[in-house]
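I have placed the structure first, in the form of structure tokens, so that the comments after it can refer back to it.
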Amino acid sequence: MHSFKNFFKKYGHGFWMAGYAFIYLIIFFYLEHRDVASYHWIHTALDDKIPFCEYFIVPYLLWFPYQVFAILYFIFCNKNKQEYYRLIKML
């Protein structure tokens, strides 16, 4: 019990992000799986002019693990909590 208090005191700022991610994923899962009777198609003529590049999927998919690793680094390795809070504000 004592070690958990020390862990929470040292890394407690990271629990806020974990709580936010948990709530965010619950809401996201609900929105993705709900039944919708009608929807609005959002499309402009500019969308048709944007070329599709299949190679861009690689950096797009790497972006998500990069965010996770950056957050974990700033929680556990970086000593400056203000830099962590600036990162979270930007996300």
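Position 20 of the sequence shown, counted from 1, bears residue number 684 in our numbering, the numbering being contiguous throughout.
The beta carbon of each residue, even a glycine, is placed where N, CA and C say it ideally should be.
Taking C-alpha positions only, E696 is separated from L689 by approximately 10 Å. Put simply, the segment 700 to 720 does not touch the segment 728 to 745. Fewer than three CB pairs are less than 8 Å apart. For P729, the enclosing alpha helix (DSSP H) stretches over residues 721 to 740. Straight-line measurement puts the Cα of Y724 at about 25 Å from the Cα of F740.
Bounds of any alpha helix (DSSP H) do not take in S702, whose DSSP letter is neither H nor E.
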